[in-house]
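Heads up: the structure comes next, in structure tokens.
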Amino acid sequence: AERFTALESFRDAGIPTVVWLSPIFPFINDTEENLHGILDYCVRAKVYGIICFGFGVTLREGDREYFYTKLDEHFPGMKQKYIRTYGNAYECVSPNNARLGEIFHDVCRKQGIVYMIDDVFSYLHKFEQKNQQMSLFDDMSRGWF
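This is the structure:
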């Protein structure tokens with residue numbers, strides 16, 4: 007809800023936004039209901055685009071152990087399900103990936119949200135690149151202080 011509020015603020019200020027839809031955790035939040043809720047926020051906030059590389063999570067060595075500790079803490083028994091399903095795989099794709107992908111593409115097409123990865127990144131690269139971050143004091147000559 008806080009992120010949605012931020013997206014609304016950007017929208018109201020005329021600042022286009024892109025949402026990175028990740029991670030979607032298999033067996034936890036990889037439901038149609040959850041995806042519809044997220045996409046509804048995006049539609050209401052009038053986001054320009056959504057980046058989505060599929061539905062699941064990636065687990066590097068080291069990250070996996072931390073993730074499993076948190077699964078034990080918040081979702082008892084889920085760690086064993088991940089181990090049985092994914093072993094030590096880096097990419098843990100949701101068993102609902104195909105259906106969630108259909109929903110995602112359908113909503114984006116109907117709502118005019120850019121979702122093709124190349125199109126979204128092409129749009130993001132249109133913005134001027136700054137080689138140096140401005141200092142707070144760069145504009146003191148303008149009398150802002």
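In this text, residue positions in the sequence shown follow this note's numbering: the first is 7, and each later residue adds one. The beta carbon of each residue, even a glycine, is placed where N, CA and C say it ideally should be.
task: Check residue 151 in the structure and name its three-state DSSP category.
output: Unreliable placement is indicated for residue 151, whose pLDDT of 43 sits below 50; no coordinate value is reported for it.
query: Cα separation between residue 35 and residue 104?
result: About 15 Å.
message: Using CA atoms only, rank isn't needed, just tell me which of 55, 26, 23, 61 is closest to residue 106.
response: Of the candidates 55, 26, 23, 61, the one whose C-alpha sits nearest the C-alpha of residue 106 is 61.
- prompt: Residues in its own chain within less than 7 Å of residue 14 by CB, not counting five upstream and five downstream?
  reply: 51.
message: So, at 7 Å on beta carbons, what are the nonlocal neighbours of residue 126 in its own chain, with the 5 sequence-adjacent residues on each side left out?
response: Correct list, in chain order: 24, 55, 57, 120.
field: residue 74 versus 40, 8, 31, 45, residue with shortest Cα-Cα distance
entry: Checking every option, the nearest Cα to that of residue 74 belongs to 31.
- prompt: Could you give the C-beta distance for residue 165 and residue 64, rounded to a whole number, given that I count them as a contact under 8 Å?
  reply: Nothing about residue 165 can be read from this structure; the chain reaches only from 7 to 151.
Exposure of residue 155, with buried meaning 16 or more beta-carbon neighbours within 10 Å: Only positions 7 to 151 of the chain appear in this structure, which leaves residue 155 out of reach.
message: At 4 residues or longer, what runs of the alpha helix (DSSP H) sit wholly inside the stretch 79–134?
response: Runs found: 84–92, 103–117, 123–130.
- request: Determine, using beta carbons only, whether residue 5 and residue 78 come nearer to each other than 8 Å.
  value: What the structure shows of the chain is the stretch from 7 to 151, and residue 5 is not part of that stretch, so it cannot be assessed.
message: Please identify the residue among 59, 131, 112 whose C-alpha is closest to the C-alpha of residue 46.
response: Of the candidates 59, 131, 112, the one whose C-alpha sits nearest the C-alpha of residue 46 is 112.
message: So, with DSSP's three-state summary, where would you put residue 37?
response: In this structure, residue 37 counts as coil in the three-state DSSP scheme.
query: Terminal residues of the continuous beta strand (DSSP E) containing residue 64?
result: That run of the beta strand (DSSP E) goes 62–64.
Extent of the continuous beta strand (DSSP E) run through residue 55: That run of the beta strand (DSSP E) goes 55–57.
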